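Counting with UniProt numbering, you get residues 1 to 106 for the letters of the sequence shown. Note that the Cβ used here is the ideal one computed from N, Cα and C, for glycine as well. Note that the structure is a prediction, hence the values are computed from the model and not measured. Report on the structure given below.
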Amino acid sequence: MKFPYGISDFESLITERYHYVDRTDHIPLLEEAGKQLLFLRPRRFGKSLLLSMLENYYDLNKADRFEVLFGDLAIGKDPTPEHNQYFVLKWDFSGVSPTGDGEEIQ
Numbered sequence: 001m002k003f004p005y006g007i008s009d010f011e012s013l014i015t016e017r018y019h020y021v022d023r024t025d026h027i028p029l030l031e032e033a034g035k036q037l038l039f040l041r042p043r044r045f046g047k048s049l050l051l052s053m054l055e056n057y058y059d060l061n062k063a064d065r066f067e068v069l070f071g072d073l074a075i076g077k078d079p080t081p082e083h084n085q086y087f088v089l090k091w092d093f094s095g096v097s098p099t100g101d102g103e104e105i106q
């Protein structure tokens with residue numbers, strides 16, 4: 001059993017067969033919760049992995065991978081009508097320094 005310490009990419013986690021605690025059954029609850037969601041959790045609590053999972057679930061460009069990624073998970077057995085219905089934009093700020101000024105960005 002491989003544990004995914006430090007892995008925040010859902011697709012690689014599933015395809016490389018890491019241990020994954022399936023919480024995809026919560027996706028319908030997230031859809032009903034409202035338009036704006038705020039995830040407040042300490043560091044290393046899986047926020048990036050959760051967002052990566054949602055990216056793979058909702059992204060129209062990843063519809064051909066739905067069965068591979070979600071087929072064995074709870075949401076794969078009973079998907080919501082919203083799955084793979086949106087174009088998803090992903091911004092990764094992990095490489096951005098939290099210090100500095102505007103001139104350094106340019």
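Boundaries of the alpha helix (DSSP H) harbouring residue 28: 27-33, taken from the DSSP string. Residue pairing from DSSP leaves residue 5 without any beta-bridge partner. Annotation for residue 1: 19 place their beta carbon closer than 6 Å to its own, counting only its chain and skipping 5 residues before and after. With contacts defined as CB atoms closer than 8 Å, residue 24 and residue 75 qualify as a contacting pair.
A residue is called buried when at least 16 other Cβ atoms come within 10 angstroms of its Cβ; residue 5 does not meet this threshold and is exposed. By a beta-carbon distance limit of 8 Å, residue 39 does not contact residue 60. Their separation comes to about 23 Å. Exclusion of the five residues before and after residue 52 leaves 8, 9, 10 as the residues of its chain whose Cβ lies within less than 7 Å of its Cβ.
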